Amino acid sequence: MTLTWPTPKATFLSPNFTIHSPNHKHLLIASARYNRLILSENHNPIVPPPVNITYSPALHALSITVHDLLAPLHHGNDETYTLSIPSNDATAYLTAETAWGAMRGLETFSQLAWGDPVLVPVDVRVTDGPLFPHRGLMLDTSRNYYPVKDLLRTVRAMSANKLNVFHWHVTDSHSFPLVLPSVPGLAEKGSYGPGMRYSPSDVKSVVDYAMGYGVRVVPEIDAPGHTGSWAKAYPDIVTCANMFWMPEGAEWADRLAAEPGTGQLNPLKPETYRVVRDVLRDVAALFPEPFLHAGADEIAPGCWKTDPTVRSFLSDGGTLSELLELYINSTHPYIVSLNRTVVYWEDVLLDPTVHVGPEMLPKESTILQTWNNGPSNTKRIVEAGYRAIVSSSDFYYFDCGHGDFLGNDSRYDRQTGDDPGNPFNYNGGSGGSWCGPFKTWQRVYDYDITYNLTDVEAGLVLGGEVTLWSEQADQTVLDARLWPRASAMAETLWSGNRDSTGKKRYAEATDRLNEWRYRMVGRGINAEPIQPLWCATRPGMCNLVQ
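Residue 1 is where the sequence shown starts when you use full-length UniProt numbering, and the numbers rise one by one after that.
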């Protein structure tokens, strides 16, 4: 981003201020929305900017020019824009290659306006565009249900932060809330109930709403693991459904699932593929997005081994990885035939026990999303030639640091100290959170997602996603869990986390994020505070070092 503002001057916004948009369905909606916001927000900055106010002319209009009105909302679309607010003209000018870039410019313009009456800076020129094309947020709506209105609010907050991908992890072992016309029994029997389902009209409302905010909606149907919720409708194709997740006396390697909620699709049953193809075909029809996330993470060998057909397969010399190969080889080409690029979690290639070879995962139609071992696994993925989406649990997992959700856990019953050599409640213990500690906004901000990569390897990193797994989250805590920590990632993926000299800029980002958090709250996003208000009103005074 390049911003020039030679002299800190501002002028008033006309009460009749109007945004003039070209004829584009979604941009017209966005322009009308921003017009209302800019005239009514009246944001009062924590520390008002020191400016000289010029009284003429007032700004009456913002004129938008878009060069390519037909560009679809797909990965890699051009989001660059130029914004100019002259001091000697009653009109400001926003120019973009696509409607989606114009939406980013509208957001910038809205953040430049403040006060009552409304002021805007003049003699300002902004030339802007993202560092990474994929800037996302993943929300798990299976473990706990989120009403549609909360999904829409999240999309709205994402757009305000220039995030452009809503990764909807819609199904898992815990519930199957997505109503699919070809297999209605999955939601009827696998959801938490009639009021906790997403109908096709709900999906359309989310997808259409997101289009008006320049946000793509990428669906994830996690399989063949994490499919216990399929068992009530199709019990014959799911192994170990509804069993206790950790058999008594078992080692971790023999678990039936990574957490309570067991069930995995059986790759040896022909019926499995009939159901899966019905699911994938319906999902592709509901979601126009060219990416389709197919999961393939956390296969628990113990779950498959509970099934006699699997045990027979293994005793005849078959392997667990060959079971996964059967599934991937039957489903990956089908997803591609639906004109979709397949996204998988990294496990499909990198899991040490159950994985497939690269020959099963064509690079031109496969993207891998990394979540373990920080920069190391990102390196492994791009070294192998795959495009990567980065969601490292060391930095981007927002459920971390809230303890564990398992009951009947005697490890918490320690009044003075933990067992020797096993810190849990004391001395830096995790408190039960497998990925603790809590990921603060500074931890998120300082992550370099292309760390230790060559230029060629870095070019394969599409971007990143923060994630909220919902074992201990629902709509009551959604905003505070996400914001403003997701804002920290949003800035780094859009404009980076370093200044022009290459120095990390987390010190100056503190004040900026404080201000932005208060503005989000004013816009109806219940973002959590990052500091006492005393700190925000005294920039720099709450730093660790001066």
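For glycine and all other residues, C-beta sits at the position ideal for the given N, C-alpha and C.
Small disclaimer: the values here were computed from a predicted structure and weren't measured.
Residue range of the alpha helix (DSSP H) that includes residue i
| i | result |
| --- | --- |
| residue 156 | 148-160 |
| residue 378 | 374-383 |
| residue 495 | 485-495 |
| residue 536 | 533-536 |
| residue 38 | 25-40 |
| residue 388 | Residue 388 -> not in any alpha helix (DSSP H); beta strand (DSSP E) instead, spanning 387-390. |
| residue 442 | 441-445 |
| residue 347 | 347-350 |
| residue 479 | 478-482 |
First and last residue of the uninterrupted beta strand (DSSP E) at residue i
| i | result |
| --- | --- |
| residue 369 | 366-370 |
| residue 547 | In the structure as shown, the chain starts at 1 and stops at 546, and residue 547 therefore has no counterpart that could be examined. |
| residue 456 | Where residue 456 is concerned, there is no enclosing beta strand (DSSP E), although the alpha helix (DSSP H) it sits in stretches over 455-458. |
Expected contact under 8 Å - CB spacing of residue i and residue j to nearest Å
| i | j | result |
| --- | --- | --- |
| residue 166 | residue 96 | The Cβ separation is near 22 Å, so there is no contact. |
| residue 105 | residue 94 | 5 Å |
| residue 134 | residue 290 | Between residue 290 and residue 134 the Cβ distance is about 12 Å, and since that is not below 8 Å, they are no contact. |
| residue 108 | residue 83 | 6 Å |
| residue 558 | residue 117 | This structure cannot speak to residue 558, because the chain is shown only from 1 to 546. |
| residue 131 | residue 495 | 7 Å |
| residue 509 | residue 517 | Not quite, the Cβ-Cβ distance comes to about 12 Å (not below 8 Å), so this is no contact. |
| residue 597 | residue 280 | Outside the shown range of the chain (1 to 546) lies residue 597, about which nothing can therefore be said. |
| residue 90 | residue 60 | 4 Å |
| residue 310 | residue 268 | 6 Å |
| residue 169 | residue 127 | Going by Cβ atoms, the distance from residue 169 to residue 127 rounds to 36 Å, so no, they are not a contact pair. |
| residue 189 | residue 162 | No, residue 189 and residue 162 are not in contact; Cβ-Cβ is about 40 Å, not under 8 Å. |
| residue 120 | residue 85 | 6 Å |
| residue 489 | residue 444 | 5 Å |
| residue 272 | residue 237 | 4 Å |
| residue 62 | residue 19 | 5 Å |
| residue 320 | residue 301 | 5 Å |
| residue 397 | residue 464 | At roughly 12 Å, the Cβ-Cβ gap does not stay under 8 Å, so residue 397 and residue 464 are not in contact. |
Per DSSP, cross-strand counterpart(s) of residue i
| i | result |
| --- | --- |
| residue 138 | 167, 467 |
| residue 52 | 9 |
| residue 84 | 93, 125 |
| residue 65 | 95 |
| residue 341 | 291 |
| residue 523 | Per DSSP, none; premise fails for residue 523. |
| residue 397 | 467 |
| residue 119 | 12, 114 |
| residue 504 | 498 |
| residue 461 | 388 |
| residue 548 | Past the boundaries of the shown model lies residue 548; the chain is included only from 1 to 546, so the question cannot be answered. |
| residue 178 | 198 |
Is the segment 469-489 close to the segment 420-437, with three or more CB pairs under 8 Å? By the C-beta criterion, the segment 469-489 is judged not to be in contact with the segment 420-437, since fewer than 3 inter-stretch pairs fall below 8 Å.
Given 8 Å, three or more beta-carbon pairs between the segment 34-53 and the segment 155-162: no
Quick one: complete beta strand (DSSP E) runs, 3+ long, within the segment 188-257? Entirely contained in the segment 188-257, the beta strand (DSSP E) runs reaching 3 residues are, in chain order, 216-223.
Hey, is the segment 252-270 in contact with the segment 388-402, meaning 3+ C-beta pairs nearer than 8 Å? The answer is no - the segment 388-402 does not touch the segment 252-270, with fewer than three Cβ pairs under 8 Å.
Does the segment 143-154 come close enough to the segment 454-473 to have 3 or more Cβ pairs within less than 8 Å? yes
Would you call the segment 455-463 and the segment 377-388 touching, i.e. three or more CB-CB distances under 8 Å? Yes, the segment 455-463 touches the segment 377-388.
Please give the ranges of any alpha helix (DSSP H) in the segment 257-341, keeping only runs that are unbroken, at least 4 residues long and fully inside the region. 270-286, 301-305, 308-315, 320-337
Validate contact between the segment 17-34 and the segment 202-216 using beta carbons, cut 8 Å, 3 pairs: These segments touch.
Does the pairing of the segment 171-179 with the segment 193-201 give three or more beta-carbon distances under 8 Å? yes
Counting Cβ pairs, one atom from each stretch, are 3 or more of them under 8 Å apart for the segment 422-430 and the segment 355-364? The answer is no - the segment 355-364 does not touch the segment 422-430, with fewer than three Cβ pairs under 8 Å.
Contact between the segment 244-261 and the segment 360-369 is defined here as three or more beta-carbon pairs at a separation below 8 Å; is this criterion met? no
Can you confirm whether the segment 215-225 touches the segment 295-305 when touching is taken to mean that 3 or more C-beta pairs between the two stretches lie within less than 8 Å? yes
So, does the segment 368-379 touch the segment 321-337, judging by three or more C-beta pairs under 8 Å? no
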